[in-house]
Structure formats: structure tokens, C-alpha cells
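Residue numbering for the sequence shown follows our numbering, starting at 129 and increasing by one per position.
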Amino acid sequence: MVIQEEASIDKSSVIPIYYQLYKLMEEQIRRGDLKPGEALPTENELATHFEISRMTVRRAISELVSADMVYAQQGRGTFVATPKLDNIIFELSDFNEEIRRRGLNYKTTLLEARIVRADESLLKKFEISDEHKRFLYFRTVLSAGDDRLSYEVKYTIYSKSKPILETELKDPSLPGLIAAHTEYVPVSSKKVLQVASCTEEEALILGIALNAPVFLIEQTIYDPDLRPVGWSKSIYRGDRYKLTSYDGWYKKE
């Protein structure tokens, strides 16, 4: 792959640099500029070209991995994935883009953050048996104006040697957080989408009626050995989001 000369990043923008790089590479994949099986530039090449840190590049690539658009092979590099045309790819309308299109201000509010020990549920989710393992647990709400639109609960394996700033917990990217603040490298993810009725807690947080319809997405993040290293549950208001499906990467805007 040759990095396109016109591709640029606005370092003065309020949009995080890693997210700008992610969107640039996503667009090249969707347009077909990057073909399935083609290798991405190395972290060093991207960092040098855009004059950004390798950690920032790693976070952007983690986003592409999470979206199943690329895959990593240990010792070889990262490659564009082949779209699975026998499966339907679902997307919730992108929160930031949708809110900007409507001309509204948005924010992420951190409700709670703490270190917890594994209970039976977490041991099962992370496929481990160490009852003394600790996890970072945090909850956030995404809002536009006075409306609360999304509620998220997230867990990552806690690494004491890599402290996290409270402001970083407001970043909705679980793979990016894992890449930046643990010793694990997220290389793949699984998302399960369900239509559900909101619980009493979710209704109270989002300001909607009990049992109102919501989209529920559970995501599990895996390392190169396919061990779970992150898990999240996201609740999206059914009256604020729409579901779109694509047969592969390529879409016409």
C-alpha cells in the first residue's frame, strides 16, 4: 500500500487524531483503494508520514480491527480483511457524525469508574479461572443537548503498571483503550446485536419509559491468542437510532 499524498490529519481539530486516521483508512478500504489481502503500512511508516505517535497509529488500527475491516498476523503485519458476503454487516448510525449533521453539541459523561475483582460472570466472559484477577469497570452516557442517547458498561483486564486518566475513560473506543493501557494487543472482536426492552436502571439513566425498545450490543475484544481482553455492553435508544446493513465494505454515499 502507498500512503496517499492528499491524505492529511488536522492536529488542531477537536476530533481525536487516532479517529481521523481511522476514518482515512476506513474510507480507502470502502472505496476499494485498499484491496482484501493487501498489507497496511507499518506503524512506523504511518507514524512517520503523519508525524504522529505509534501509540496513536495503534489505536486507529485497533478501531479497524474492531470493525472487522482488517486483521493482524503476528510477525507478518496487518492486512485488509475480505468482506464476508454471506453475512449481513449491521451498523448503527455513527453517533458523532449523526449529531454533527443535526447541528447539536454532544458529550460523554463518566458515571462511574473503579477497579473490581472478578465475579462468576466476569470469569465466564473472560474465560479465566483466576478469582483474584482485577478489572477496570466503568460506565458512560453519550448525550446530545439534553437528551441521553446511549449508555455503556465496559470492562478491561486491569494493568496496574499503565494508569489511565479519567478523561480517557470518556473515549467510547474499547479496543483503543486496551491498546493504549494494557499489555494486550486487541486484534479481533465479536459483536452481538439484540433488540431488547430497557431495564429499570437503563430507563432511569436514559430518561425513557421502562421496557422501552432499545438496541443492545455486546462486544468482546480478543488478543492474538483469541483470549478475551475486553467486554462491553451498549444500550442505544430505539427512538434515536436506525439500523443499516451492507453486503461488504463498499457503500455508495
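In this text, a Cβ means the ideal position worked out from N, Cα and C, and glycines have one as well.
Taking each of Ser317, Gly304, Tyr364 and Gln322 in turn and checking the Cα distance to Ile189, the smallest one comes out for Gly304.
Restricting attention to Leu251, Val269, Ala209 and Lys361, the CA atom closest to the CA of Arg262 is found in Leu251.
A residue is called buried when at least 16 other Cβ atoms come within 10 angstroms of its Cβ; Val142 does not meet this threshold and is exposed. For Glu248, the enclosing alpha helix (DSSP H) stretches over residues Glu248 to Lys253.
Following the DSSP letters along the chain, one finds Leu332 inside the alpha helix (DSSP H) bounded by residues Glu328 to Leu334. The beta-carbon distance between Tyr312 and Ile285, rounded to whole angstroms, is 7 Å. This is short enough to meet the 8 Å contact definition. Inter-residue distance for Ala307 and Pro341 is about 33 Å (C-alpha atoms, whole angstroms). Residue environment: Asp351 is assigned as buried (16 or more neighbouring CB atoms within 10 Å of its CB, all protein chains considered). Rounded to whole angstroms, Thr170 and Arg276 show a C-alpha spacing of 39 Å.
Annotation: the continuous alpha helix (DSSP H) that includes Leu305 extends over Leu302 to His309. The residues Leu239, Glu240 and Val281, in chain order, have a CB closer than 6 Å to that of Arg267 in the same chain once the five nearest residues on each side in sequence are set aside. Looking at the backbone, the Cα of Ala209 and that of Val198 are separated by about 5 Å. Lys253 and Trp359 have their C-alpha atoms spaced approximately 8 Å apart.
Excluding the 5 residues flanking it on each side, Ile333 has same chain C-beta neighbours closer than 8 Å at Leu239, Val269, Arg276 and Tyr279, in chain order.
Judged by DSSP secondary structure, Leu192 falls within the alpha helix (DSSP H) whose first and last residues are Arg182 to Ser194. In the DSSP annotation of this structure, the continuous segment of the beta strand (DSSP E) that includes Arg276 starts and ends at Asp275 to Ile285. The beta carbon of Met183 is closer than 7 Å to those of Ala308 in its chain, skipping five residues each way along the sequence.
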